[in-house]
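Undergrad: Going by UniProt numbering, the sequence shown opens with residue 1, and the numbers climb by one from there.
Idealized CB from N, CA, C, for every residue including glycine.
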Amino acid sequence: MTDFLTFLISLVIVVHQVLYWTYLWQLKEYRRDRFLAGIAERSDLSRALREQFNLLKWYRPRWTARAILSLLLGLGVAGFLVGENNFMFRVLVVLLVPVVSAVSVAVVTPPFWFWKEVLVYRAGVKMKKFKGGVIGIAGSYGKSSTKEILKQVLSSKFKVQSTEGNDNSEIGVAQTVLRKLRGDEDFFVVEMGAYRRGEIKKICEMVRPKFGIVTGIGDQHLELFGSQENLRRAKMELVEALPSRKNGLVAEEDFSLGETKSVRVLRDYVEFGYAGEKFAVPLVGKQPVRNVVAVIKMARLLGMSLPEISAALGKFSPDLIYPKIKKIGENEYIIDNSYNNSFESFFSALDYLQIWEGFRKIVVTPGIMELGERGKADHEKIGRELKAVDTVLVTHDNFFSELNASMDAQLVTDFRELVEKVRSYRGKNVVILFQGKMPKAVLTAVEGNR
Numbered sequence: 001m002t003d004f005l006t007f008l009i010s011l012v013i014v015v016h017q018v019l020y021w022t023y024l025w026q027l028k029e030y031r032r033d034r035f036l037a038g039i040a041e042r043s044d045l046s047r048a049l050r051e052q053f054n055l056l057k058w059y060r061p062r063w064t065a066r067a068i069l070s071l072l073l074g075l076g077v078a079g080f081l082v083g084e085n086n087f088m089f090r091v092l093v094v095l096l097v098p099v100v101s102a103v104s105v106a107v108v109t110p111p112f113w114f115w116k117e118v119l120v121y122r123a124g125v126k127m128k129k130f131k132g133g134v135i136g137i138a139g140s141y142g143k144s145s146t147k148e149i150l151k152q153v154l155s156s157k158f159k160v161q162s163t164e165g166n167d168n169s170e171i172g173v174a175q176t177v178l179r180k181l182r183g184d185e186d187f188f189v190v191e192m193g194a195y196r197r198g199e200i201k202k203i204c205e206m207v208r209p210k211f212g213i214v215t216g217i218g219d220q221h222l223e224l225f226g227s228q229e230n231l232r233r234a235k236m237e238l239v240e241a242l243p244s245r246k247n248g249l250v251a252e253e254d255f256s257l258g259e260t261k262s263v264r265v266l267r268d269y270v271e272f273g274y275a276g277e278k279f280a281v282p283l284v285g286k287q288p289v290r291n292v293v294a295v296i297k298m299a300r301l302l303g304m305s306l307p308e309i310s311a312a313l314g315k316f317s318p319d320l321i322y323p324k325i326k327k328i329g330e331n332e333y334i335i336d337n338s339y340n341n342s343f344e345s346f347f348s349a350l351d352y353l354q355i356w357e358g359f360r361k362i363v364v365t366p367g368i369m370e371l372g373e374r375g376k377a378d379h380e381k382i383g384r385e386l387k388a389v390d391t392v393l394v395t396h397d398n399f400f401s402e403l404n405a406s407m408d409a410q411l412v413t414d415f416r417e418l419v420e421k422v423r424s425y426r427g428k429n430v431v432i433l434f435q436g437k438m439p440k441a442v443l444t445a446v447e448g449n450r
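#1: Measure the alpha-carbon distance for Val153 versus Val93 and round it to whole angstroms.
#2: From this set, Ile149, Phe187, Ile137 and Arg196, which residue's C-alpha is nearest Asp167's C-alpha?
#3: With 16 as the cutoff for other CB atoms within 10 Å, does residue 459 come out buried or exposed?
#4: Taking the C-alpha atoms as reference points, what is the distance between Arg423 and Met407?
#5: Whole-angstrom Cβ separation of Thr146 and Val263, contact assumed at under 8 Å?
#6: Using DSSP's beta-bridge definition, name the partner residues of Val12.
#7: How about Arg60 and Leu27: are their beta carbons less than 8 Å apart?
#8: Give a yes or no on whether the C-beta atoms belonging to Gly248 and Asp186 are separated by under 8 Å.
#9: How about Gly124 and Met206: do their beta carbons lie closer than 8 Å?
#10: Can you give me the start and stop residues for the alpha helix (DSSP H) that Glu337 sits inside?
#11: Residues in the same chain with beta-carbon distance under 8 Å from Leu403, minus the five sequence neighbours each way, listed in chain order, please.
#12: Can you give, in chain order, each stretch of the alpha helix (DSSP H) that sits fully within the region 244–302 and has at least 4 residues?
#13: With DSSP collapsed to three states, give me the class of Ala194.
#14: Would you identify the three-state DSSP class for Lys324, choosing helix, strand or coil?
#15: Taking the alpha-carbon of Asn398 as reference, which of Val389, Ala388, Asp390 and Thr413 has the nearest alpha-carbon?
#16: Keeping to the same chain, check which residues put their C-beta closer than 7 Å to that of Trp356; ignore five residues upstream and five downstream.
#17: Is DSSP giving Arg182 helix, strand or coil here?
#18: Excluding five sequence neighbours on each side, which residues of the same chain lie with their C-beta closer than 7 Å to the C-beta of Ala67?
#19: Inspect the beta-carbon positions of Glu420 and Ala37 and report whether they are closer than 8 Å.
#20: The beta strand (DSSP E) with Gly136 in it runs from where to where?
#21: Mapping the DSSP letters down to three states, classify Thr6 as helix, strand or coil.
#22: Quick one: measure Cβ to Cβ for Gly285 and Ala349, integer angstroms, because I've assumed they're closer than 8 Å.
#23: Mind the definition here: the region 272–292 touches the region 308–318 only if three or more C-beta pairs lie below 8 Å; say whether that holds.
#24: Which term fits Phe255, buried or exposed, when burial requires 16 or more other beta carbons within 10 angstroms of its beta carbon?
#25: Identify the residues that DSSP records as bridge partners of Phe53: which are they?
#26: Kindly indicate the opening and closing residues of the beta strand (DSSP E) around Val431.
#27: Would you list, in sequence order, the uninterrupted beta strand (DSSP E) runs of no fewer than 3 residues that lie entirely inside the region 72–139?
#28: Can you grab the Cα-Cα spacing for the pair Val293 / Lys361, in whole Å?
#29: Within 10 Å of its beta-carbon, does Val99 have 16 or more other beta-carbons around it, so buried, or fewer, so exposed?
#30: Would you tell me roughly how many angstroms separate the C-alpha atoms of Leu181 and Ser156, rounded to the nearest one?
#31: If you drop the 5 nearest sequence neighbours on each side, which residues of the same chain put their C-beta closer than 8 Å to that of Met236?
#32: Hey, would you say Gly193 sits closer than 8 Å to Ser169, going by beta carbons?
#33: Can you tell me whether DSSP reads Gln410 as helix, strand or coil?
#34: DSSP puts residue 531 in a beta bridge; with which residues?
#35: Can you find at least 3 beta carbon pairs, one from the region 109–129 and one from the region 51–58, that sit closer than 8 Å?
#36: Quickly, what does DSSP pair Lys361 with across the bridge? List them, please.
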């Protein structure tokens, strides 16, 4: 009876662990560099080791073929080993589940790598027949918003297709080409992401861009690139792939916020002047204006007039990009910037909060991930800016001390406690900024009735 009980307990723990580690590998896109970068953070390692044994919280990966195969293999191996009638051996198996899961992911990777290469090849063949212009968009931040704004502006005059959401990897772009590109479009706008040098070059070899925009080069994913120079060179692979340098627009070299005049930031739109034309764009904050300048310049390069561009920008749907403003009650607002995870986006959002005069300002954030050696300094800068905020709730302990420059920030890592605490701050004249990666369930729960 005792043996069966220890087997049952061990089996439950093993199932929980395999689910957790498969979830974590999927979260890091099955990339060893991203996985190890996350584990290298002391608090991330501590959390991972703790959460794998927290039976009160069960993690589930998204049910994709790769996740299911990795999960089944891991469960099969660990479940078989834990069936051995030896208590100490079962303890050893439980301790080695992270290794079992890593091996399971590695074993199922080759067929998916082969499948990816097949899709990329097919997409490349299809792109060779594409007669329209391909516009690549790369950068450390602002890629998705620039892509959506450019697509809407060009769509007012041309037939345009683009990559979806944040599908900016080589496989994501290939899938968009195969599923959505019909071939009769005038332009195809491609968002290009990378975690190391050479990845944007591969995407360019597949889609062969004629035009390009580099939205900005910051510290995002610096830990993975290894240095600022590697990061810069990776983003510039887009410009190097263009038929002419004149077809590329690089932030602070070919476009900047300084080219605009009389910038006026209101709650739900921004007004500014450019080249003698007035623009009123439904955007949140001042930072996106620089990339709007890039959109204006690219649209003019492709044959649109300033009045045409201004009219198209005025009709832009702000729901397509982040930050988003949501009214959740009488004079109660949420600013959802949970998609953006860059230092620049964080600063911009805090700057935007200042126009909410007379409102209690609350910031909920996990901080910024994968900043490498810049992590401490960047979070210290943000911490100083957070002093102007009424309440700060930090959901991750990596850089809590740096963010807590005001000495009254609160560390809240439990989901339920976080939801209850944020809800307790709701009321008239309250604005809540959700900044950085966090579960959408948090925002959904907070938006619900109190």
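TA: The short version:
#1: 57 Å
#2: Ile137
#3: Outside the modelled stretch of the chain, which goes from 1 to 450, sits residue 459, for which no answer is possible.
#4: 22 Å
#5: The beta-carbon distance between Thr146 and Val263, rounded to whole angstroms, is 18 Å. This is too long to meet the 8 Å contact definition.
#6: For Val12, which the question treats as bridged, DSSP gives no partner whatsoever.
#7: no
#8: no
#9: In this structure, Gly124 lies near Met206, with their beta-carbon atoms less than 8 Å apart.
#10: The residue you asked about is not Glu; residue 337 is Asn in the sequence shown. Segment Glu332 to Asn337 is the beta strand (DSSP E) holding Asn337; no alpha helix (DSSP H) there.
#11: Thr365, Gly367, His379, Ile382, Gly383, Leu386, Val392, Val394 and Ala409
#12: 288–301
#13: coil
#14: strand
#15: Closest by alpha carbon: Thr413.
#16: Val431
#17: coil
#18: Thr22, Gln26 and Pro61
#19: no
#20: Gly133 to Ala138
#21: Reduced to three states, the DSSP call for Thr6 is helix.
#22: A Cβ-Cβ distance of about 7 Å is found for the pair Gly285 and Ala349, placing them in contact under the 8 Å criterion.
#23: yes
#24: buried
#25: Bridge partners of Phe53: none, in fact.
#26: Val430 to Gln435
#27: 133–138
#28: 30 Å
#29: exposed
#30: 18 Å
#31: Val214 and Val250
#32: yes
#33: Three-state DSSP puts Gln410 in a strand.
#34: Not covered by the structure: residue 531. The range shown for the chain is 1 to 450.
#35: no
#36: Val431
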